[in-house]
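Undergrad: First to last, the sequence lines map onto chains A and B.
Be aware that the first sequence starts at 87, since it is given in my numbering, and climbs by one per residue.
Be aware that the second sequence starts at 2, since it is given in my numbering, and climbs by one per residue.
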Amino acid sequence: MSSNYDNPFYHDNVYGHVVRLLQDHSAGGQGLHLDIGCGFGRMAEHVRDHVGREYIGFDRDDEALASLNERGFVGIALDLADPVAAEAAITAAVAGRKVASLSIIDTLEHVYNGAEILAMLRRIALNSAAVLVVSVPNVAHRDVGFKLAFGKWDYTDTGLLDITHVRFFSESLVHSLLLSSGWHLIGENNVTLDKSDQHFPALHPVLAEGTPLHDHLARLRDGVDRCARINQFVGAYLPGPSLRGADEVPDVAPFLSVVTRTQGKRIDTLRDVLLCLSAQTSQDFEVCVIGHKLSHEAQLAVERVIDDTHADLRRRVRLIRVDHGTRTTPLNVGFRAARGNYVAILDDDDIVLGHWVEEFKRLAAANPGRVLRSANVAQTWQPVKTGVSSRSVRSIGSFEACYPVKFDFFQHLVENATPPVSLAFPRACFHDLKIEFDETLTTTEDWDFLMRTAEICGVASDGEITSIYRKWDNAESSYTAHSIEEWQTNHYAIWRKLDAKPILLEPGSATRIRHLVHDWNRRYLAAPGPQPDPHLDATQYENALREEIHNLLHSRTWRVGAPMRGLAAMAGRRWTYPMLWAMNGPQLERYLSTLRSSRSWRFGTWVRARVGAGNA
Amino acid sequence: MSIKKNRQNAGHLRVHSVLYGNEQNRVEQSIAHLNRAADLAVAAGVFKSVSLAYGDSSPRACLDDEFLGAVRKAHPAITRIDHLFFDGNLGSAKGHNTLIVDAQVQETEWEALLIMNPDVMLAPDALIELARPLDDPHVGMVEARQLPIEHPKEYHKLTGETGWATTACALIPMNVIRELDGFDQETFFLYCDDVDFSWRARLAGYRIIYQPSAVVFHDKRLGANGQWAPTSSEQYYSAEAALLMAYKFSRKDIAERLLKSFAASDLPHLRKAANEFDRRMEEGRLPKQIDVKGAVAEFVGDYYTKHRYSL
């Protein structure tokens with residue numbers, strides 16, 4: 087220990103935050119406060135004066151302990167490397183008195199045996215149910231993470247990346263360590279710093295606040311959790327049972343989680359959906375049926391339909407009830423419950439073909455991490471009930487290819503062109519990046535979610551039709567349940583959301599935007615724009631060549647050259663109008679070159695030069 | 002969904018399926034669905050028991066003893082699962098007739114026959130829903146609604162009555178099978194044996210019912226733009242059957258028009274169908290003509306009844 091760690095007490099630094107927590111959780115009353123790894127114990131006076139407890143500091147640094155003693159506090163030598171000896175030393179110092187509280191501030195990151203130490207402190211605290219305040223630095227502060235993303239990891243003498251740290255903590259790691267050691271969080275007072283001691287070099291594009299790079303990363307990071315700006319986690323814990331492995335995720339996750347929203351109003355089509363699933367060629371999925379605002383009767387009916395399915399499917403179906411929120415809320419609940427690597431929405435009136443899951447799986451193997459999109463057709467259906475049937479449905483129209491086969495981000499900036507049943511989203515988008523459905527949207531929530539995930543993950547499209555989107559005739563659907571004004575309001579809201587942040591675009595987008603700008607300029611500013619590039623704009627380039635050849639063949643110069651073509655025809659070389667539409671770029675280039683060097687064209691040019699022609 | 006329990010004189014249901022090169026795992030999946038449907042149907046008193054028989058037209062048997070032992074053990078709601086290897090491709094009509102004859106040897110009492118394709122998966126309540134119209138003794142066949150692609154033929158929205166039923170999945174009372182002497186195996190190989198059976202049943206005074214609430218999954222796929230694209234082999238058997246249907250049901254005009262069109266076609270499978278028809282005619286193997294007054298036969302374009310839309 088050196089004077090590097092002799093930090094003064096401030097109300098807004100870690101000492102101030104620890105004392106505040108002790109004050110907030112002072113139900114233990116008077117007694118001892120044990121400060122483990124206390125250093126110079128700069129909060130000792132505040133614990134004594136403002137919390138009303140007798141302070142005892144423990145550390146292995148003689149200089150720090152001498153400072154404590156000089157200020158009238160008990161300071162005891164303690165080596166945490168040996169928890170058995172440490173426990174004996176602490177017990178001796180306590181000498182049967184009541185322990186009201188403990189603290190271990192910025193110490194656990196310096197030791198290898200944090201779990202043992204916390205278990206030992208729990209034994210000391212358990213008799214009097216003493217509160218423990220823990221502080222550790224946050225290695226997931228955005229300054230550290232952003233720099234590391236670009237290859238920078240800067241150790242310093244103190245601070246977030248203190249050269250002597252042997253362990254690093256994020257929020258989940260510190261809570262997991264404490265829970266597994268039998269400590270339960272009861273309060274927090276974290277130290278937040280927008281710019282930590284790692285905020286250097288300040289003008290690095292990833293740190294400088296004025297850059298789009300920083301803005302984009304900061305938005306994504308802030309969406310994940312509340313820890314981006316936390317410098318030190320400061321939490322108060324009470325001793326209790328050890329919950330070892332409580333947050334462990336099962337090892338074997340299915341490929342796909344299917345989220346099916348139902349209000350229990352369409353039991354017959356829900357049965358269709360479950361049959362489509364149980365008949366899939368790939369059964370590597372689970373089903374989360376989200377019952378939204380189900381009446382008691384509807385709940386029983388939904389449970390009946392699920393219970394009717396055969397055993398292999400039934401064990402993979404969970405019914406989760408949601409009694410609040412809009413039609414968007416069940417999606418968040420379903421995605422949160424999902425355990426699969428990908429999550430797909432299959433509403434209770436959709437139909438999927440037998441290879442719906444299999445195709446998603448194939449696409450995922452070829453495009454890991456991307457949003458998956460298969461092709462889809464729509465079909466109109468209506469309710470039916472014959473004299474001898476139960477309530478059912480029937481198709482009344484041919485399949486309609488309403489939606490483009492390939493995903494086009496730019497088209498989707500205008501409106502949605504992808505029914506949710508044709509999509510599967512990486513679970514990590516929702517669970518790790520916390521991209522969730524916007525519950526303020528009462529319609530088109532899937533479009534908003536698609537745009538926010540597509541931008542980050544990209545979309546892998548496939549032309550194989552694997553689903554049928556049912557359009558309803560003479561039956562309730564989202565189109566009849568919401569007014570046109572409501573649809574429009576949500577549409578505009580999504581446009582505003584898209585405008586409010588930077589957008590990542592796939593390679594090739596610049597050419598696409600250039601075409602859009604050229605078209606705009608041509609239409610509204612009458613500006614022709616530059617010639618297309620034969621590699622970037624193959625189609626545009628070929629069309630430009632076709633237009634040029636067409637113009638030449640309809641020019642006066644060409645008409646003037648007609649006698650030369652007549653002579654050639656008499657010699658057996660009859661000229662016919664070329665099949666421009668069937669020619670590719672190199673063929674068009676050759677034709678144009680041949681045309682310009684032809685006797686007919688040269689003759690026409692020669693004549694026009696002598697009679698003083700205007701436009702060719 | 003309402004479950005009608007304890008049908009009067011509920012009897013044994015036998016299920017027939019003809020295999021041709023099917024994958025065992027899909028067959029097993031189909032059996033698992035049937036097992037659950039049988040379990041619920043028997044519990045509801047709709048059938049007394051359910052058994053299953055496969056006829057195997059494959060060059061080599063699709064199912065082996067180990068597989069059969071495992072599925073019999075895993076699916077106890079099906080009282081027996083039989084596998085009859087035909088040692089030859091009998092097609093659809095002869096395959097089912099052979100299974101019917103075998104059933105009469107194996108099992109004495111059975112009330113109804115469910116014919117289904119081996120890749121069909123039944124909804125849990127499919128048997129219950131299929132059996133509902135059987136209370137009417139005038140019902141000769143009940144067809145299930147297929148997912149994901151519903152058959153587009155029209156049916157009466159109040160009575161469920163339709164022109165014919167496809168045996169992709171259809172329930173037939175045993176007395177109707179006996180009365181009609183099974184399927185016309187001399188005329189039809191792969192297609193239209195079910196249309197022929199339906200029309201003969203109607204000629205005998207029975208009604209054909211489409212039951213939209215009896216749902217089964219029949220694994221069909223769609224081509225680009227949502228078009229259903231049959232293979233050339235399917236087109237051949239379909240064309241051959243079309244000629245024979247028109248001839249058998251006394252629509253010589255249609256048969257001649259089709260024959261002329263097929264014979265002049267650029268498509269080899271259509272010319273082959275025309276040649277086969279000519280050969281049958283020369284050999285005197287054409288079926289006896291029936292329904293001369295056109296009481297039941299309905300030829301609507303390429304279809305055998307009116308369709309709501311085209312696929």
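Every residue, glycine too, gets a C-beta built ideally from N, C-alpha and C.
Which term fits residue 60 of chain B, buried or exposed, when burial requires 16 or more other beta carbons within 10 angstroms of its beta carbon?
TA: The residue in question, residue 60 of chain B, is exposed, as its Cβ has fewer than 16 Cβ neighbours within 10 Å.
Undergrad: At what residues does the alpha helix (DSSP H) containing residue 318 of chain A begin and finish?
TA: Residue 318 of chain A -> not in any alpha helix (DSSP H); beta strand (DSSP E) instead, spanning 316 to 325.
Undergrad: Please specify which runs of the beta strand (DSSP E), each continuous and at least 3 residues long, are wholly inside the region 496 to 556 of chain A, giving them in chain order.
TA: Listed in chain order, the complete beta strand (DSSP E) runs (minimum 3 residues) inside the region 496 to 556 of chain A are 509 to 512.
Undergrad: For residue 599 of chain A and residue 403 of chain A, I'd like the C-alpha separation in whole angstroms.
TA: Looking at the two C-alpha atoms, the distance is approximately 45 angstroms.
Undergrad: In or out: residue 246 of chain B buried (at least 16 other Cβ within 10 Å) or exposed?
TA: Buried.
Undergrad: Along chain B, in chain order, which residues have C-beta atoms closer than 7 angstroms to that of residue 483 of chain A?
TA: Those within 7 angstroms of residue 483 of chain A in chain B are 310.
Undergrad: Looking only at C-alpha atoms, which of A/663, A/642, A/674 and A/120 sits nearest to residue 692 of chain A?
TA: Comparing Cα positions, the closest option is A/642.
Undergrad: Using CA coordinates, which residue listed in B/55, B/102, B/298 and B/145 is at the minimum distance from residue 81 of chain B?
TA: Among B/55, B/102, B/298 and B/145, the Cα nearest to that of residue 81 of chain B is on B/55.
Undergrad: What distance in whole Å lies between the Cβ atoms of residue 459 of chain A and residue 545 of chain A, which are believed to be in contact at a cut-off of 8 angstroms?
TA: Yes, they are in contact, since the Cβ atoms of residue 545 of chain A and residue 459 of chain A sit about 5 angstroms apart, within 8 angstroms.
Undergrad: Give, in chain order, every residue of the region 389 to 415 of chain A whose Cβ lies closer than 7 angstroms to some Cβ of chain B.
TA: Answer set for the region 389 to 415 of chain A: 394, 395, 396 and 398.
Undergrad: Assuming residue 151 of chain B and residue 171 of chain B make a contact with CB atoms under 8 angstroms, what is their CB distance in whole Å?
TA: Not quite, the Cβ-Cβ distance comes to about 15 angstroms (not below 8 angstroms), so this is no contact.
Undergrad: Is residue 56 of chain A close to chain B? Criterion is C-beta to C-beta, closer than 8 angstroms.
TA: Limits of chain A in this structure are 87 at one end and 702 at the other, which puts residue 56 of chain A out of reach.
Undergrad: Identify whether residue 121 of chain A lies in helix, strand or coil by the three-state DSSP scheme.
TA: It is a strand residue.
Undergrad: Using a cut-off of 7 angstroms between C-beta atoms, extract the partners of residue 273 of chain A located in chain B.
TA: Within chain B, no residue comes near residue 273 of chain A; the closest Cβ sits about 51 angstroms away, beyond 7 angstroms.
Undergrad: Can you tell which of A/362, A/106 and A/536 has the C-alpha that lies nearest to the C-alpha of residue 98 of chain A?
TA: Among A/362, A/106 and A/536, the Cα nearest to that of residue 98 of chain A is on A/106.
Undergrad: Have a look at A/437, A/466 and A/428 and flag the residue whose alpha-carbon is nearest the alpha-carbon of residue 453 of chain A.
TA: Nearest C-alpha to residue 453 of chain A: A/428.
Undergrad: Is it buried or exposed, residue 258 of chain A, if we count other Cβ atoms within 10 angstroms and call 16 or more buried?
TA: The residue in question, residue 258 of chain A, is exposed, as its Cβ has fewer than 16 Cβ neighbours within 10 Å.
Undergrad: Could you name the residues of the same chain whose beta carbon sits closer than 7 angstroms to that of residue 223 of chain B, not counting the 5 residues immediately before and after it, in chain order?
TA: If we look at residue 223 of chain B and ignore the five residues flanking it on each side, its Cβ neighbours are 229.
Undergrad: Pull up the distance between the alpha-carbon of residue 141 of chain B and that of residue 196 of chain B, whole angstroms please.
TA: Spanning the two alpha carbons is a distance of roughly 13 angstroms.
Undergrad: Does the beta-carbon distance from residue 435 of chain A to residue 315 of chain A come in below 8 angstroms?
TA: No.
Undergrad: What alpha helix (DSSP H) runs, 4 residues minimum, are completely inside the region 345 to 379 of chain A?
TA: Runs of the alpha helix (DSSP H) inside the region 345 to 379 of chain A: 353 to 364.
Undergrad: Let me know the alpha helix (DSSP H) ranges lying completely inside the region 242 to 266 of chain A, each 4 residues or longer, listed in chain order.
TA: Whole alpha helix (DSSP H) segments, 4+ residues: 257 to 266.
Undergrad: Any chance you could list the alpha helix (DSSP H) runs of at least 4 consecutive residues sitting entirely within the region 153 to 239 of chain B, in chain order?
TA: Qualifying alpha helix (DSSP H) stretches, in chain order: 175 to 181 and 194 to 204.
Undergrad: Taking all protein chains shown into account, do 16 or more other C-beta atoms lie within 10 angstroms of the C-beta of residue 700 of chain A, making it buried, or fewer, making it exposed?
TA: The predicted position of residue 700 of chain A is uncertain, since its pLDDT is 46 and thus under 50; no value can be drawn from it.
Undergrad: Taking a contact to mean a Cβ-Cβ separation below 8 angstroms, would you say residue 252 of chain A touches residue 191 of chain A in this structure?
TA: Cβ distance not < 8 angstroms, so residue 252 of chain A and residue 191 of chain A don't count as in contact.
Undergrad: Is any heavy atom in the ligand MG found nearer than 7 angstroms to the beta carbon of residue 284 of chain A?
TA: Questions concerning the ligand MG fall outside what the structure shown contains, since it holds no ligand whatsoever.
Undergrad: Counting only the same chain and skipping the five closest in sequence on each side, list residues whose C-beta sits under 6 angstroms from that of residue 90 of chain B.
TA: Excluding positions up to five away in sequence, the list reads 58.
Undergrad: Does any residue of chain A bring its CB to less than 8 angstroms from the CB of residue 222 of chain B?
TA: Taking Cβ atoms only, chain A reaches closer than 8 angstroms to residue 222 of chain B, which makes this a yes.
Undergrad: Looking only at its own chain, which residues have a Cβ that is under 7 angstroms from the Cβ of residue 326 of chain A, when we skip the five neighbours before and after it?
TA: Within the same chain, residue 326 of chain A has close Cβ partners 268 and 270.
Undergrad: Who are the neighbours of residue 301 of chain B on chain A, taking C-beta pairs under 8 angstroms?
TA: Ordered by position in chain A, no residue passes the 8 angstroms Cβ test against residue 301 of chain B, which lies about 16 angstroms from the chain.
Undergrad: Please state whether DSSP places residue 453 of chain A in a helix, a strand or coil.
TA: In the structure shown, residue 453 of chain A sits in coil (DSSP, three-state: anything other than H, G, I, E or B).
Undergrad: Nearest by alpha-carbon distance to residue 529 of chain A: which of A/220, A/494, A/411 and A/103 is it?
TA: Nearest of A/220, A/494, A/411 and A/103 to residue 529 of chain A, Cα basis: A/411.
Undergrad: Return helix, strand or coil for residue 311 of chain B, following the three-state DSSP convention.
TA: Correct three-state label for residue 311 of chain B: coil.
Undergrad: For residue 368 of chain A and residue 525 of chain A, I'd like the C-alpha separation in whole angstroms.
TA: Their Cα atoms are separated by approximately 32 angstroms.
Undergrad: Less than 8 angstroms between CB atoms is the rule here; does residue 159 of chain B satisfy it with respect to chain A?
TA: By this cut-off, residue 159 of chain B is an interface position.
Undergrad: Along the chain, where does the beta strand (DSSP E) containing residue 223 of chain A start, and where does it finish?
TA: 217 to 223 is the span of the beta strand (DSSP E), which, as asked, contains residue 223 of chain A.
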